[in-house]
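Peer 1:
Protein chains in written order, with the working numbering: chain A, -18 to 408; chain B, -18 to 408.
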């Protein structure tokens, strides 16, 4: 890892170079996505089966995972893993329950009642990537906030293998979290199926969950007809360390982040030149012990860096400019510095709150804004599965006191029908 | 207006036909938008001046409205309108303050501290359409939630006329609401200027506000680099009326909505055939008295309808499927039926809460989800100008109790670096 000294003036250029890592021409993918989505929208279930045959080389009898398959999945997963999933579920639910908003109202003046009505979205789709590895943590993190919000129908979709089977760990996690249906459709055709439904499936109102470029572009394509969560980029961690930090832990946490994929980014910002050098050595040493060594070498060499700053204030300035997905504060008294964090997805405090604790266990969501979007967006949460409506009530007396002002305002904007709607009540 | 009887079975088809009214080929606009945005991103201020010259036929000395221009604007607007704007501002602020979320934390178990830190977005851009009519209500409704959220910099942008001047009413409303800067750049070039900044303007983190097709597509194009609010479609009202409703008021409110533009939609759902017929007659009668008659004829004839339903339950089912931007409940005891509303942007109760009361005065935001998107999205609010970060703290003892489970979970997902990051703490 390269060590660079950073002065205040360098900060914007670091940010610019970081943003460019995702640029690629998506036009070919977009054309393909459009064809797939529009075909399924027009032709329904037969087109879905056709795409599964063509793209996933699978011949399915049904798009749905059956109760029998669910039973078999539970038999094939160890009791130990089921218990771990159940315990993680309890932690995730417990945290997310605190996010749940209530409807409220007020009547500051006689005859006036104003409110905000908060209701769950009715039907939600959750995309779960397939392939050899299963990510049950992602299944829990997407379904449970919807469950806590009170969403009635939660439809999971995930690609089946060529033999028509779905990863048992995905099925078990989905069932434990409370999915109401599990579909065997991956890729852009999975997103289209959720968004527009088929003869045997009602469309959903919103789709969340990660996926490859086809899934991401398909989500962007259907956005507007349904809601979507943010489109996640490669994962990132930023560690802010002073001279009290332990370089072994710092290095281990940088590598944990970097192992996600070649584009993952791990950045250390430190006030201590000594910590910078020790971390650099530890990264090289620990990297040799890791299984995903090739990925690590790519992401450490090309996407990662160590920045040495003159003091913590410059460190926080740099962090707020980067707006990292994960931020670890390995500084003395990290609670006292929480107020200096403006932009980050999740903040981990001290030596015993490493980022994987948040990925799997603590309770807050691990779906977080990447690539600087923490400047304007939030972790996936219960609030993503509920929506608000304003409520307005005036009685005759209350409206009569302000009717002239409203009419004057409407006329100023050239909307005489608006003025007439008020005036009509008092003619 | 046509009167149609609706059975439960017809509801989905009504929704489908409604959704199609926005389809148009946007490819030409998108190509143009891409060129404009990328040019400004590369070349900065000189390109902005160039586009203003080319597209707005204006020669500007500066992109910013000066303090002197602001002074002149206040001189040209009547004291009466300033007072009305101030009073509306108080109502809007008062409602939106109730939306403001606080940071929170909990420690359910010894040694564990979990929180949610809520902070304002730092810089926000607000687009305000230009042209002959000024919409000061939209200026207030976009700026004030950001102000209440605690956003530090609020940059308004709006097109200048060929003489380089900006509508004084827009300037006055922006200043009253608390804009920190006013830019004279409209269209896609305005959005690009906000998103990427210039030599003399720091980029913003999020952009809100309505605009024409170029503005809307430019917002979609820059989304990801900055946040955006929803892309609004044509305005809509849905009125649910029983036999206690007053057809004169119903007709006036349908026309108020329909006058926005030719694509605006005004729908009455009623349990009473008598009310349906009386409203139909009243619409024809009142339409003759309105100034925007040509627009009204288009939107009433092509985008509007009266549906007669067998009972209120079917009425609510239809409404929840339509998910209207504005919903007026002109039924006996409307408060008692609030719980039947699942999907709507804003709900107006009773005879003396017509929709224009919400557009200008009552306090809740008038920027609302259109075209069925109330199924998954909310009115513009303070929550759109703040973002959340999760906070996680475990002490050594707390982490030691769960370290085995976390490692097991990480290994299940094939991420041995995640497991090592935990293990390292206890070696």
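Backbone N, C-alpha and C define an ideal beta-carbon position, used for all residues, glycine too.
Taking C-beta pairs closer than 9 Å, name the residues in chain A that residue 62 of chain B reaches, listed in chain order.
Peer 2: Per Cβ cutoff of 9 Å: 389, 390, 393.
Peer 1: Just by C-beta distance, which residues in the region 45 to 60 of chain A are closer than 9 Å to chain B?
Peer 2: So the list is empty, because no residue satisfies the distance condition.
Peer 1: Of the residues B:51, B:75, B:83, B:96, which one's Cα is nearest the Cα of residue 374 of chain B?
Peer 2: Minimum Cα distance to residue 374 of chain B is reached at B:96.
Peer 1: If you run the structure through DSSP and keep just helix, strand and coil, what is residue 333 of chain A?
Peer 2: Coil at residue 333 of chain A, not helix or strand.
Peer 1: Would you tell me roughly how many angstroms separate the C-alpha atoms of residue 283 of chain A and residue 222 of chain A, rounded to the nearest one?
Peer 2: Whole-angstrom Cα-Cα distance: 22 Å.
Peer 1: Which of helix, strand or coil does DSSP assign to residue 98 of chain A?
Peer 2: Residue 98 of chain A: strand per DSSP, three-state reduction.
Peer 1: Please say whether residue 158 of chain A and residue 136 of chain A have beta carbons closer to each other than 9 Å?
Peer 2: Their beta carbons are not under 9 Å apart, which means residue 136 of chain A does not touch residue 158 of chain A by this criterion.
Peer 1: Check the Cβ-Cβ distances between residue 364 of chain B and every residue of chain A, and say whether any is below 9 Å.
Peer 2: So yes, residue 364 of chain B belongs to the interface.
Peer 1: Does any residue of chain A have a CB that is nearer than 9 Å to the CB of residue 195 of chain B?
Peer 2: False, the Cβ-Cβ gap to chain A never drops below 9 Å.
Peer 1: Would a check of beta-carbon distances place residue 144 of chain A closer than 9 Å to chain B?
Peer 2: Closer than 9 Å: no.
Peer 1: Give the DSSP-derived three-state secondary structure of residue 187 of chain A in the structure shown.
Peer 2: Strand.
Peer 1: In the structure shown, what three-state DSSP assignment does residue -2 of chain A receive?
Peer 2: With a pLDDT of 46 at residue -2 of chain A, under the threshold of 50, the modelled position of that residue is not reliable, and the figure given next carries that caveat. Three-state result, residue -2 of chain A: helix.
Peer 1: Establish whether the CB of residue 80 of chain B and some CB of chain A are separated by less than 9 Å.
Peer 2: Answer yes: the Cβ-Cβ gap between residue 80 of chain B and chain A drops below 9 Å somewhere.
Peer 1: So the candidates are B:118, B:196, B:203; which of them puts its Cα closest to the Cα of residue 213 of chain B?
Peer 2: If we check each option's Cα against that of residue 213 of chain B, B:196 comes out closest.
Peer 1: Considering only C-alpha positions, which residue in the set A:353, A:146, A:174, A:315 is nearest to residue 30 of chain A?
Peer 2: Taking only the C-alpha atoms, the option nearest residue 30 of chain A is A:174.
Peer 1: Taking a cut of 8 Å between CB atoms, which residues from the region 100 to 123 of chain A lie near chain B?
Peer 2: The region 100 to 123 of chain A vs chain B, Cβ under 8 Å: 100, 102, 103, 114, 115, 116, 117, 118.
Peer 1: For residue 215 of chain B, return the contacting residues in chain A, with the cut-off set at a CB-CB distance below 7 Å.
Peer 2: Under the 7 Å cutoff, chain A gives no residues; its nearest Cβ is about 14 Å from residue 215 of chain B.
Peer 1: Using the beta-carbon count (16 or more within 10 Å), is residue 94 of chain B buried or exposed?
Peer 2: Per the 10 Å Cβ criterion, buried.
Peer 1: List, in chain order, every chain A residue whose beta-carbon is nearer than 7 Å to that of residue 202 of chain B.
Peer 2: Those within 7 Å of residue 202 of chain B in chain A number zero; the least Cβ separation is about 12 Å.
Peer 1: By Cβ distance, which residues of its chain are closer than 6 Å to residue 403 of chain A, with the 5 residues on each side in sequence left out?
Peer 2: Excluding positions up to five away in sequence, the list reads 384, 387, 388.
Peer 1: Would residue 373 of chain B pass as an interface residue toward chain A - the criterion being a Cβ-Cβ separation below 9 Å?
Peer 2: True, the Cβ-Cβ gap to chain A drops below 9 Å.
Peer 1: Does the Cβ of residue 37 of chain B have 16 or more other Cβ atoms within 10 Å, making it buried, or fewer, making it exposed?
Peer 2: Residue 37 of chain B is buried by the Cβ-count criterion.
Peer 1: Looking only at its chain, what residues have a beta carbon closer than 7 Å to the beta carbon of residue 211 of chain A, apart from the 5 residues adjacent to it on each side?
Peer 2: The answer, listed in chain order, is 350, 354, 358.
Peer 1: I need the boundaries of the alpha helix (DSSP H) containing residue 131 of chain A, first residue and last residue.
Peer 2: It is not in any alpha helix (DSSP H) - residue 131 of chain A carries neither H nor E in the DSSP assignment.
Peer 1: Please decide whether residue 150 of chain A counts as near chain B, where near means a Cβ-Cβ distance under 9 Å.
Peer 2: So, interface residue.
Peer 1: Taking the straight line between their C-alpha atoms, what separation do you get for residue 47 of chain B and residue 315 of chain A?
Peer 2: C-alpha separation (whole angstroms): 44 Å.
Peer 1: Measure the Cβ-Cβ separation of residue 104 of chain A and residue 133 of chain A and say whether it is below 9 Å.
Peer 2: Their beta carbons are under 9 Å apart, which means residue 104 of chain A touches residue 133 of chain A by this criterion.
Peer 1: Would you verify that the beta carbon of residue 8 of chain A is, or is not, closer than 9 Å to some beta carbon of chain B?
Peer 2: Chain B, which has no Cβ nearer than 9 Å to the Cβ of residue 8 of chain A, makes this no.
Peer 1: Does the Cβ-Cβ distance between residue 181 of chain A and residue 348 of chain A come in under 9 Å?
Peer 2: Contact flag unset, no.
Peer 1: Considering only residues of the same chain and omitting the five flanking positions on each side of residue 352 of chain A, which have a CB-CB separation below 6 Å?
Peer 2: Result list for residue 352 of chain A: 214, in chain order.
Peer 1: For residue 3 of chain B, which of helix, strand or coil comes out of DSSP?
Peer 2: Unreliable positioning characterises residue 3 of chain B in this predicted model, as indicated by a pLDDT of 44, which lies under 50. A coordinate reading is not provided.
Peer 1: Could you tell me which residues DSSP pairs with residue 87 of chain B in its beta bridges?
Peer 2: DSSP output for residue 87 of chain B lists B:95 as bridge partner(s).
Peer 1: Mapping DSSP to helix, strand and coil, what is residue 204 of chain B?
Peer 2: If DSSP states are grouped into helix, strand and coil, residue 204 of chain B belongs with the strands.
Peer 1: Please determine, among B:252, B:163, B:342, the residue with the shortest C-alpha to C-alpha distance to residue 381 of chain A.
Peer 2: Checked all of B:252, B:163, B:342; the closest Cα to residue 381 of chain A is B:342.
Peer 1: Would you say residue 241 of chain A lies against chain B (beta-carbon separation less than 9 Å)?
Peer 2: Closer than 9 Å: yes.
Peer 1: Among A:241, A:311, A:377, which has the Cα closest to the Cα of residue 251 of chain A?
Peer 2: Ranking A:241, A:311, A:377 by Cα distance to residue 251 of chain A puts A:311 first.
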